[in-house]
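Under numbering that gives the first Met the number 0, the residue at position 91 of the sequence shown is numbered 90, and the numbers go up by one with no gaps. Only one structure is covered here, and it is reproduced in the block below.
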Amino acid sequence: MKLKKKIKVAIDSPAGAGAGTQAKLIAKNYNLFYLDTGKIYRLVAYFKITNPKQFNYANIKKKIKKLKIKDLQNKKLLTNEVGIVASIISKDKKIRRLVHNFQVRCAYCPPKKYNGSCLDGRDITYKIIPDANFKFFITANVKTRALRRYKELKQFKKKITFNEVLKSIKKRDKSDYSRKISPLKKTVDSILINTTNLTKRACFLKIKKIMDDKIKS
Ligand code: C5P
C-alpha cells in the first residue's frame, strides 16, 4: 500500500500497555518504519550492566553512533533487570541528548521504501515528533500490564514471580511519570487508547479506524 502523503505516528505509553504490539501492527499495516525507542535506553542500560567500567558519556556516544536497528533486537535487552536500569539511566539529561538525534533521524528520514515512521516510547508525542500526524497514548490498568509483562518474561524462561513484575512496573511508572526530564505524560492532542479490556486485534481495529478516517479525509 502506498499513501498519498508520508505520515508520522507517535505513541507514548507506560510499560506493558501493549504499545509495542500496536506500534508494530500499525507499522506493518501502513508500511511505516518502526522504532521501539525504549530499546535504545535498554541498550545503554545493558552496556552499563555488562561494562560498568567503560560506562561513560564518550563511550555511550560512540555506541549510539554505530547503532544499527538490528542491535536493538538482542533478546538480552528484554529482561526485567535491564528495564529497571533503563528507567534509571533514562533520567540522565546527557544520555537523553545522546540518543535524541538517532530517534529524530528515524522519525523524519526513514528509508525511502516506507510511507513514513512509527515510534513508541515515553516522550515521542511532545519531544521527538511534536508534529506527528497521529498521536496516541496507550495505557491499561497496572495489574493487566504486569500480567502481560509477566507472561512475556516467562516465555523467555525468566525466573520471576508475578508480584516481582508488578512491583517493578509500579516502580518504573513512578519514575517515568514523575521525573523532571521528559516525563511520561498524555499530551492534550494525543488520543487515549485504554487496552485493559481489549484484545490486540480489537485495539488495533480501533486505532486503524481512527487513522483511516483521517487519511481518507
Ligand atoms: O519501553 P520500555 O519498557 O522498553 O522502556 C524502558 C525504559 O526506558 C522506560 O521505563 C523509560 O524509563 C525509558 N524510556 C524513556 N524514553 C523513551 C523510551 C523509554 O525514558 N522514549
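Cβ atoms here follow ideal geometry from the backbone N, Cα and C, with glycine treated the same way. Treat the numbers as computed from the prediction; the structure is a model and nothing was measured.
The stretch 176-193 and the stretch 131-142 touch, with three or more beta-carbon pairs separated by less than 8 Å.
A distance below 8 Å separates the beta carbons of Ile48 and Val81.
Residue pairing from DSSP places Val8 in a beta bridge opposite Cys117, Phe133. Relative to the Cα of Val103, the nearest Cα in the group Lys205, Leu152, Leu34, Lys215 belongs to Leu34.
Counting of Cβ neighbours within 10 angstroms places Asp175 among the buried residues, the total reaching 16 or more. A buried status is given to Ile94, since no fewer than 16 other beta-carbon atoms sit within 10 Å of its beta-carbon. Closer than 7 Å to some heavy atom of the ligand C5P: that does not describe the Cβ of Arg104. The shortest CA-to-CA distance from Ile168 to any of Leu152, Asn73, Lys153, Arg144 is the one to Arg144. Inside the stretch 41-89, DSSP marks no whole beta strand (DSSP E) run of 3 or more residues. Lys38 is classed as buried because its beta carbon has at least 16 other beta carbons within 10 Å across all chains shown. Sequence-distant partners of Val164 (beyond 5 residues in either direction) whose C-beta falls short of 6 Å from its own C-beta, in its chain, are Ala145, Arg148, Tyr149. About 11 Å separates the beta carbons of Lys199 and Gly19, which is beyond the 8 Å limit, so they are not a contact pair. Comparing alpha carbon positions, the residue from Leu71, Arg96, Lys27 closest to Tyr56 is Arg96. As summarised for the stretch 130-199, the continuous alpha helix (DSSP H) elements at least 4 residues long and confined to that stretch are 141-154, 161-177, given in chain order. Leaving aside the five residues that flank Asp122 on each side, the residues in its chain whose CB is nearer than 6 Å to its CB run, in chain order, Ser181.
Leu34 carries a strand assignment under DSSP once its states are collapsed to helix, strand and coil.
A residue is called buried once 16 or more other Cβ atoms fall within 10 Å of its Cβ, and Leu118 is buried on that count. In the three-state reduction of the DSSP assignment, Ala16 falls in the coil class, being assigned neither a helical nor a strand state.
DSSP places Met0 in the coil class of the three-state scheme, outside both helix and strand. According to the DSSP assignment, Tyr125 belongs to no alpha helix (DSSP H), since it is labelled neither H nor E.
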